[in-house]
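The number in the numbering used here is simply the position in the first sequence, starting from 1, with 4 added. This report refers to the structure that appears directly beneath it.
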Amino acid sequence: MQKPGLPEGTRDFGPEQSRRRAYIFETVRTVFIKYGFQPLETPAMENLSTLTGKYGEEGDQLLFKILNNGDFLKNADPDILTTKNSARLVPEISKRGLRYDLTVPFARFVVMNRHALTFPFKRYQIQPVWRADRPQKGRYREFYQCDADVIGSESLQYEAELVQIYDEAFAKLHIPVQIKINNRKALFGIAEAAGITDRFTDMTVAIDKLDKIGMDGVRRELTDRGIPAAATELLEKILSAPSINALRPVFAASETGLKGLEELDRVFRFLEKLPLQNDLVFDITLARGLSYYTGCIFEVVAKGVSMGSIGGGGRYADLTGVFGMPGLSGVGISFGADRIYDVLEALACFPKSLTTSVPVLFVALDDATHAYAFECVSRVRAAGIPAELYPEPGKLKKQFEYAAKLNIPLVAIAGETEMQNKTIAVKNQQSGEQRTMALEELMTTLGA
RNA sequence: GAGGAUGUAGCUCAGCCGGUUAGAGCGCAAGUUUGUGGCACUUGAGGUCGGGGGUUCGAAACCCCUCAUUCUCCCCA
């Protein structure tokens, strides 16, 4: 016998968890559909060549690789085998991997199906992704993303729409959030102003941590990364007055920087007269890791819960270029369903109705009434009402306990008398009240 | 990749410096109640103390190794 277990960072979802997760997916999906996004599903595994090189060096290490089938060592290069160089061995023995996000598979899909698609193409996708990261709080090795992307248009209208989607979905989920927005071009403008465009990535990584490690920490980080003191000083000045208008003079010499501010301005103007239920804030320190972002970038954090970001996204000018279809601009957002789950739990914000499986349980006392109850439960189901019948007639104690444990609010008892009178004794589990009624009345109560 | 923490009953955990038959709460099963759950009481089942090795008269406890889980950093949803 072996002890059962799960791979690190993965989880089972019991009935209640599954119902709660479905609630999150449905809420998000409903909003996606409302904004005209179309469903898409792609395989769990992709060719490794599709995935590698898209997420930076770190990302490649976090990819789950799938071992080739068959005698995969037979054709592997013997030199590589003997040198034990893992990095070089991987392509020899693995040609597929689990997807790391939904955006790259989407780009692959768009390129492969360009003739069949109408642009701008808006798709949503709700599927699991896998990352070989070290699991910790709010971080799993298998987790769901709910993505909405539109590709084939540069209109900033879509940035505004995606903000509305975030706002609407989180309002529906009753999670108060802060939607942060920034623009990679604005970030580049800073680098230009500071004369450190060659250290752009180092710079963004450092200032991204401002709210976490403070200005002193950022200064240290910049110095450690070898950014000159003069540039650091200027950065400090810029970060201390972070509003779109305040940045304009700084970017006087940076065309890209000004363009970034302009784009941000457009997005805010779209939304100006349309009140949001959550905060939309410009945050110049927001950087986001994925290197393919080129324009506006988003991140969502829940207020009052320390959980990292529960959503993120942005615009990428040329995501499909690597697959041979350049010049197609896209913008998208992602909801981190698993973290949203954790936040909803921390906030105790799940609807109570999600704990009930069926509204009524039928119970019987002996074989004869069991048959009668079977008829009753069938008729109730035929009317479209979920219902259950306990499989063992007799001991009512057991049957009532079953109803209590499954949170079933009504128990319908079929006894000798009820069967003869074509009625059913219905007990309300919460109030303890019990009344004998015709089956039709029960169905009416349950809203048939 | 770097560093901490924790592994004892189905679950959550107690078990202090090594010392008799390893405990509690919850849960589970049966009963008090053969047409009525939650409450109460009674009884019962259930443990290779993560695994391996070592120290010792004696190890759940101390040491080493190993496996697993979890948290932090890096990075991210």
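A virtual CB, placed ideally from N, CA and C, is assigned to each residue, including glycine.
Closest Cα partner of residue i within the set the options
i, options, result
"Ala291", "Gln281, Phe302 and Val285", "Phe302"
"Ser22", "Ala368, Ala418, Val430 and Asp342", "Asp342"
"Leu191", "Arg252, Glu62, Val94 and Val108", "Arg252"
"Tyr59", "Arg135, Phe17, Asn73 and Thr31", "Arg135"
"Phe123", "Lys69, Leu332 and Pro180", "Leu332"
"Gln131", "Gly142, Val154 and Thr107", "Thr107"
"Phe76", "Ile84, Thr86, Glu96 and Lys88", "Glu96"
"Pro11", "Arg145, Val115 and Cys353", "Arg145"
"Asp105", "Glu50, Ile217 and Gly308", "Glu50"
"Pro47", "Phe125, Gln129 and Lys88", "Gln129"
"Asp81", "Arg92, Gly74 and Asn73", "Arg92"
"Ser157", "Tyr320, Pro43 and Met441", "Tyr320"
"Asn249", "Ile288, Lys216, Asn282 and Met219", "Ile288"
"Gly13", "Phe147, Arg100 and Lys402", "Phe147"
"Lys216", "Leu348, Ser313 and Thr54", "Ser313"
"Asn72", "Val94, Ile84, Asp83 and Lys88", "Val94"
"Thr298", "Leu351, Leu102 and Asn187", "Asn187"
CA-to-CA distance, residue j to residue i, given in whole angstroms
i, j, result
"Arg138", "Gln65", "12 Å"
"Ser338", "Ala408", "39 Å"
"Ser382", "Pro413", "19 Å"
"Cys380", "Leu358", "25 Å"
"Gln433", "Gln149", "39 Å"
"Gly142", "Glu445", "48 Å"
"Ala257", "His178", "44 Å"
"Arg229", "Lys189", "21 Å"
"Thr86", "Lys69", "21 Å"
"Leu365", "His374", "13 Å"
"Glu20", "Lys356", "11 Å"
"Asp151", "Lys38", "14 Å"
"Leu239", "Lys307", "28 Å"
"Leu280", "Phe354", "22 Å"
"Met207", "Leu262", "19 Å"
"Glu276", "Ala175", "18 Å"
"Glu62", "Ala198", "27 Å"
"Pro330", "Leu67", "25 Å"
"Thr54", "Ile169", "29 Å"
"Leu284", "Gln140", "29 Å"
"Arg439", "Ile428", "8 Å"
"Val347", "Gly328", "40 Å"
"Met219", "Pro180", "27 Å"
Sequence-distant residues of the same chain with beta carbon closer than 8 Å to residue i, five excluded per side
i, result
"Val271", "Leu160, Glu163, Ala164, Val167, Ile185 and Cys300"
"Gly57", "Asp64 and Val326"
"Gly40", "Lys126"
Extent of the continuous alpha helix (DSSP H) to which residue i belongs
i, result
"Cys150", "Per DSSP, Cys150 belongs to no alpha helix (DSSP H); it is in the beta strand (DSSP E), Glu146 to Ile155."
"Thr31", "Pro19 to Lys38"
"Val167", "Gln161 to Lys176"
"Arg143", "Taken as a continuous stretch (DSSP letters only), Arg143 belongs to no alpha helix (DSSP H), as it is neither H nor E."
"Phe125", "Note, Phe125: premise wrong, no alpha helix (DSSP H); beta strand (DSSP E) at Phe125 to Trp134."
"Leu414", "Looking at the DSSP string, Leu414 is not in any alpha helix (DSSP H); the run it does join, the beta strand (DSSP E), is Leu414 to Ala418."
Short Cβ contact (9 Å threshold) for residue i with residue j
i, j, result
"Met423", "Ala372", "yes"
"Tyr296", "Leu323", "yes"
"Glu172", "Val35", "yes"
"Arg127", "Tyr345", "no"
"Gly340", "Gly315", "yes"
"Leu265", "Leu243", "no"
"Val335", "Asp153", "yes"
"Leu443", "Lys426", "yes"
"Ser90", "Leu52", "no"
"Pro397", "Leu369", "yes"
"Val384", "Ile417", "no"
"Val114", "Ile155", "yes"
"Phe255", "Glu196", "yes"
"Ser361", "Glu392", "yes"
"Ile194", "Ile231", "no"
Contacting residues, own chain, Cβ-Cβ under 7 Å from residue i (five flanking each side not counted)
i, result
"Thr205", "none"
"Thr236", "Arg223, Leu226 and Thr227"
"Phe378", "Leu393"
"Gly221", "Lys213"
Enclosing beta strand (DSSP E) for residue i [first to last residue]
i, result
"Gln438", "Gln438 to Ala442"
"Arg100", "Arg100 to Leu102"
"Phe274", "Taken as a continuous stretch (DSSP letters only), Phe274 belongs to no beta strand (DSSP E), being part of the alpha helix (DSSP H) at Glu259 to Leu275."
"Asp283", "Asp283 to Phe286"
"Gly318", "Ser313 to Tyr320"
"Ser338", "Gly334 to Gly340"
"Phe366", "Val364 to Ala368"
"Ala306", "Cys300 to Ala306"
"Val94", "No beta strand (DSSP E) contains Val94, which is instead part of the alpha helix (DSSP H) from Ser90 to Ile97."
Same chain, Cβ closer than 6 Å to residue i, neighbours up to 5 away in sequence not counted
i, result
"Leu450", "Pro363 and Ile389"
"Glu259", "none"
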